[in-house]
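In the working numbering, the protein residues as written are 7 to 113. Data block below; observations after.
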């Protein structure tokens, strides 16, 4: 059995925790009102995390790695970008189907 993702507090991710995030509106909204699914304070990380203010959105963004931050800096200054939503939750049914088609285990 694979290890499950761990919250910063050491709690294991489960359906109850996922339901609570949904109830709190995580992963919803647009522009300044967007609430990321994951935040730097929620997830335990061995790497570096970043919380820069977005020029495009006017809100603080949550990045769990340097590469996420670098990509954000490019998009935040692009003239044709109107919104940036980091840590966006993917549809689990769709990702399970894709994993099955690729012959890999779904996380």
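Here a beta-carbon is modelled for each residue, glycine too, at the ideal position from N, C-alpha and C.
Let's see if you can read the secondary structure: which residues bound the alpha helix (DSSP H) around residue i?
{"i": "residue 106", "result": "98-108"}
Among the options, which one has its Cα closest to the Cα of residue i?
{"i": "residue 42", "options": "91, 75, 110", "result": "91"}
{"i": "residue 25", "options": "112, 72, 111, 95", "result": "95"}
{"i": "residue 57", "options": "75, 49, 36, 101", "result": "75"}
Can you name, in chain order, every residue of its own chain whose Cβ lies under 7 Å from the Cβ of residue i, other than the five neighbours on each side?
{"i": "residue 81", "result": "87, 90"}
{"i": "residue 38", "result": "63, 64, 65"}
Which one or two residues does DSSP pair with residue i in a beta bridge?
{"i": "residue 23", "result": "Bridge partners of residue 23: none, in fact."}
{"i": "residue 69", "result": "56"}
{"i": "residue 34", "result": "41"}
Between residue i and the rest of its own chain, which residues show a CB-CB distance below 8 Å, the 5 nearest in sequence each way excluded?
{"i": "residue 99", "result": "none"}
Between residue i and the rest of its own chain, which residues show a CB-CB distance below 6 Å, the 5 nearest in sequence each way excluded?
{"i": "residue 8", "result": "For residue 8, the pLDDT reaches just 42, beneath the cut-off of 50, and the residue's location in the model is therefore unreliable, although a value from the coordinates is still provided. Cβ neighbours of residue 8 beyond the five flanking positions: none."}
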